[in-house]
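If you read the sequence shown in this note's numbering, its first letter stands for residue 258, the second for the next number, and so on.
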Amino acid sequence: MKTLAALRVLVVEDEALVSMLVEDMLSDLGCVVVGPAA
């Protein structure tokens, strides 16, 4: 399985709560979340 560590991800979501949840999950997986963008 490919690792997600240090992968830069831009989350584009218009629902703030969903965006925060996705950011938290990606951060827990080791991604670097850039943004926000809506």
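We put the beta carbon where it would ideally sit given N, CA and C, even for glycine.
If you draw a straight line from the Cα of E280 to the Cα of A262, it is about 14 Å long. Under the DSSP assignment, L278 falls in the alpha helix (DSSP H) whose first and last residues are A273 to D285. V268 and K259 have their C-alpha atoms roughly 20 Å apart. When DSSP states are grouped into helix, strand and coil, L264 belongs to the coil group.
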